[in-house]
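A short write-up of the structure that comes next.
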Amino acid sequence: MVKFSKQLEAQLIPEWKDAFVNYWLLKKHIKKIKLSRIPKLSKQLNHDFTRSIFYTVRFFLSKKFVTSSDNNTTAAAAATAHVLQVTSKSMDSDDTEEDDEEQGCQTDRLQLLSEEDEVKGFLESLEDELNKVNQFYKTKEGEFVERGEILQKQLQILLDLKQILDQQPRKLIPGILPPSSPSSDFSESPRESIDQESTETDDIISTFEKNGLSFINSASTRTKTKKGKPKMAMRIDIPSTTPTRTIAALTSMLWEDLVNNPKKEGAGDIINRKKIQCAEKMIRGAFVELYRGLGLLKTYSSLNMVAFTKILKKFDKVANRQESASYLKVVKRSHFISSDKVVRLMDEVESIFTKHFANNDRKKTMKFLRPQQQKDSHMVTFFVGLFTGCFVSLFAVYAILAHLAGVFSPSSGITYMETVYPVFSVFALLSLHLFMYGCNLFMWNTMRINYNFIFEFQPSTALKYRDAFLICTTFMTSVVGSMVIHLLLRAHGFSPSHVDAIPGILLLIFLVLLVSPFNVLYRPTRYCFLRIIRNIVCSPFYKVLMVDFFMADQLTSQITLLRHLESTTCYFLAGSFKTHSYKTCNSTRLYRELAYVISFMPYYWRAMQCARRWFDENDSNHLANMGKYVSAMVAAGARITYSRQSDNLWFAIVLVTSVVATIYQLYWDFVKDWGILNTKSKNPWLRDDLVLKNKGIYYMSIAMNVVLRVVWVETITGFHFNMVESRLLDFFMASLEIIRRGHWNFYRLENEHLNNVGKFRAVKAVPLPFRETDSDG
């Protein structure tokens, strides 16, 4: 049976861990009470045992002397004297015993006082924990109730806008919707029509402004058109989630121009409806997060109640008291148990969501509000083991065939390394990265790091570590199997132009599976990956989320993969595989210049993300982070130039730029991304809070990160390698960088998780579309 402390640790909300009742501290107090009772019990047992032995001896002695006096009257006087002497000694012994008892009572009183101190300490700690739980619950309850009230106001504004758009799309908001065409059906005069329209519009504006909706050119500042009609534009403050603020400003200007000067029928209506749809989506997401937060708070309440019940039962058992029932009544009267605001608000959210976002379909509502997590399948584990065994077997076969065919020999292996190796290395490096990511997922899950919340993944479709391992082993089995088939076909004399098409076919199959619209092979994960890559490539025109810059950092460790992918694309698009010539791409100047572009791109994307975050958040740390990637770009460009133009000047440039970039990167890794190297921390050179219990692992990771950050030294050592050895060395160095990135990933997310824990942030804050009137300034 699993102990409750283990169950509590497994079920508590990681971000709120410090706000839960400290069950382990209370257990320590109970252990102290138990230890304080052990000396008293042993003293009592020893005292009772001594008294029983003494009375037994005295009884037998007195019995013996009485018998001897009956047998011999001559010795009566002596016997009587002896008995008196014994009795006297017995009386003295009784006095001594009484003294011992008195001393023992004094010791018992001291021991009882010590026990009472421990009991008092336990009760004081229990009271402190109860107050802590109550205070945290009240704070979070107030936040959620306030959030619910704001969402109801936002929803009401949205419903009013949708009603206006549906019922009177041409009359009440002339500045937004298309102007109505003249008609002879109106009985009133044009001037009366304008005045009536203006009055109705003013009423609607005042109603909306009271509810927090702001307008441009409202009743007091409206201008007139040539026909005398009021000109007004509604503003829905929807926070920009895609373009930069510059693009947003241009879009806003274009929007206002279309509003005030509609050029064609229906233009304003289309734009306005898109904004309304966007606002509806944001409010719906906010309700989902509110419901999730309420569910967490409900779990918080129930787990703490069980913890108080368990610990009080332990206290009664150890202290031989019956106080749990009375104290539990106090706990049950506490706010975190007696308050029903959370339950009522949850019911209200369910009702609102069902009515306005699910077409009165409660099943659909629960699908949004309580998404079911995928259950772990034993089939996934089975296939991971199966493909792992297949990969090992096929790799052994490939190693033997490659040795027999001499594909890695300096003379005959050049063509193979230039044509087949690049595309196969792409899959190998990608599979290694997936394997490291699977290890990250496993460690995050084991250490209770909520990576789904940090990355804003949907728990129902998020990739788990077994899935990552399955994708990895499937890739590697397919790749090594293709490599074996390639060698077998070459050995049987097939045409090289046909045989060398196998890597291209494999790459094409991979791309088709990646963009496949069918709901198979982890489609949510595939589409999420494509969406993130789009956000990265289009930086800085998309708002940067945590998952976006995390993935961009992964790409900075896959420059070798990108360069191999570029050479493979050139090889197949140029038709070189038909002629079995690899010099077509290598001899062109464009190909050589692309090496710079590909080496710069990941760092450029990451730098643009930093610029966008600085633009959005106005935090100078993002500019400093951008400087790190700029220095990496300069160092990468210098190393490429030095590899083609080896002289003392470029050697000095490479040395200086690489050292500066490495120091910059190491500082940012340790201080900013990992949050360590704190000289004032209770853990030397680490941070105060650590997820891993073994501190030595952190020091080992620091040393490994330093060593793997300086592998660029190999590029300036001057060692000469042949083509095959150079390719294999590049692959080895790229693999080391991926392994370093895997270590970085764990500690980067650990630091992010601890920041969330420090701020008790377990629910994401969804921006709302309609601005409060008091925030207009």
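In the working numbering, the protein residues as written are 1009 to 1785.
We put the CB at the ideal spot given by N, CA and C, even for glycine.
Within 8 Å, strictly: CB atoms of residue i and residue j
i        : j        : result
Phe-1395 : Thr-1482 : yes
Gln-1617 : Ser-1565 : no
Phe-1376 : Phe-1361 : yes
Asn-1312 : Val-1029 : yes
Trp-1452 : Leu-1757 : yes
Arg-1647 : Val-1664 : no
Leu-1402 : Val-1528 : no
Leu-1478 : Val-1392 : yes
Trp-1720 : Ser-1666 : yes
Leu-1700 : Arg-1748 : no
Gly-1635 : Phe-1608 : no
Val-1679 : Ser-1639 : no
Ala-1619 : Trp-1024 : no
Gln-1382 : Ser-1486 : no
Met-1290 : Pro-1692 : no
Residue i, buried or exposed, once every other Cβ within 10 Å from all chains shown has been counted against 16
i        : result
Ala-1704 : According to the sequence displayed, residue 1704 carries Gly and not Ala. Under this definition Gly-1704 is an exposed residue.
Ala-1294 : buried
Asp-1384 : exposed
Pro-1777 : buried
Gly-1397 : exposed
Lys-1340 : exposed
Phe-1580 : buried
Phe-1727 : exposed
Lys-1234 : Unreliable positioning characterises Lys-1234 in this predicted model, as indicated by a pLDDT of 41, which lies under 50. The coordinate reading is nonetheless provided below. Label assigned to Lys-1234: exposed.
Cys-1411 : As written in the sequence, residue 1411 is His, which differs from the Cys given in the question. Flag for His-1411 reads exposed.
Pro-1430 : buried
Ser-1503 : exposed
Phe-1461 : buried
Asn-1656 : exposed
Given residue i as reference, the closest of the options once Cα atoms are compared
i        : options                                   : result
Ser-1133 : Lys-1035, Arg-1045 and Asn-1691           : Lys-1035
Phe-1144 : Phe-1391, Ala-1027 and Met-1616           : Ala-1027
Thr-1670 : Leu-1138, Tyr-1637, Tyr-1429 and Val-1415 : Tyr-1637
Leu-1569 : Asn-1458, Phe-1659, Val-1715 and Leu-1437 : Leu-1437
Gln-1019 : Ile-1457, Phe-1403 and Met-1634           : Ile-1457
Ile-1684 : Arg-1749, Ala-1660, Val-1718 and Glu-1760 : Glu-1760
Gly-1129 : Lys-1040, Thr-1577 and Gly-1489           : Lys-1040
Asp-1355 : Arg-1539, Gly-1645 and Arg-1370           : Arg-1370
Gly-1750 : Ala-1640, Arg-1292 and Met-1712           : Met-1712
Ala-1742 : Phe-1435, Asn-1626 and Leu-1522           : Phe-1435
Ser-1417 : Phe-1729, Ser-1359 and Ser-1346           : Phe-1729
Leu-1519 : Phe-1623, Thr-1577 and Ile-1567           : Thr-1577
Val-1714 : Leu-1674, Trp-1752 and Ile-1746           : Leu-1674
Val-1732 : Asp-1324, Arg-1300 and Glu-1426           : Glu-1426
Arg-1329 : Leu-1131, Leu-1353 and Ile-1422           : Leu-1131
7 Å Cβ shell around residue i - same chain, five flanking residues per side excluded
i        : result
Cys-1480 : Ser-1439, Leu-1442, Phe-1443 and Gly-1446
Val-1428 : His-1494, Asp-1508 and Pro-1511
Val-1555 : Phe-1463, Glu-1464 and Ile-1540
Ala-1499 : Ala-1413
Tyr-1364 : The residue you asked about is not Tyr; residue 1364 is His in the sequence shown. Around His-1364: Leu-1163.
Lys-1170 : Ile-1284
Ala-1327 : Ile-1041 and Val-1127
Neighbourhood of residue i by C-beta distance below 8 Å, restricted to the same chain and skipping five residues each side
i        : result
Val-1350 : Glu-1149, Phe-1152, Leu-1302, Leu-1305, Lys-1306 and Ser-1309
Lys-1690 : Asp-1696
Leu-1602 : Glu-1574
Tyr-1031 : Phe-1012, Ser-1013, Leu-1016, Ala-1315, Lys-1318 and Ile-1319
Ala-1560 : Ile-1544, Ser-1547, Pro-1610, Trp-1613, Arg-1614 and Gln-1617
Leu-1737 : Glu-1722 and Phe-1729
Leu-1336 : Phe-1316, Thr-1317 and Leu-1320
Cβ shell of residue i (< 6 Å), same chain only, five flanking positions each side left out
i        : result
Ser-1433 : His-1572 and Phe-1739
Arg-1621 : Val-1552 and His-1630
Val-1388 : Arg-1474 and Leu-1478
Asn-1686 : Arg-1695
Leu-1138 : none
Met-1455 : Val-1699
Taking only runs of the alpha helix (DSSP H) that begin and end inside the segment 1457–1540, which ones reach a length of at least 4 residues, in chain order?
Taking only runs of at least 4 residues, the alpha helix (DSSP H) segments lying wholly in the segment 1457–1540 are 1459–1463, 1473–1499, 1504–1507 and 1509–1523.
Length-filtered (3 minimum) beta strand (DSSP E) runs lying within the segment 1373–1433
None, since the segment 1373–1433 contains no complete beta strand (DSSP E) of that length.
Jot down the residue ranges of each uninterrupted beta strand (DSSP E) in the segment 1324–1383, minimum 3 residues, whole runs only, in chain order.
At a cut-off of 3 residues, not a single continuous stretch assigned as beta strand (DSSP E) sits fully inside the segment 1324–1383.
Runs of alpha helix (DSSP H) lying entirely within the segment 1539–1580, each at least 4 residues, in chain order:
Given a length threshold of 4 residues, each whole run of the alpha helix (DSSP H) inside the segment 1539–1580 is given here in chain order: 1554–1564.
In the segment 1667–1717, which residue ranges form an unbroken alpha helix (DSSP H) of at least 4 residues, counting only runs that do not cross its ends?
For the segment 1667–1717, whole alpha helix (DSSP H) runs of length 4 or above, ordered along the chain, are 1703–1717.
At 4 residues or longer, and completely inside the segment 1722–1781: list those alpha helix (DSSP H) runs for me, N to C.
Counting whole runs of 4 or more residues, the segment 1722–1781 contains the alpha helix (DSSP H) stretches 1731–1766.
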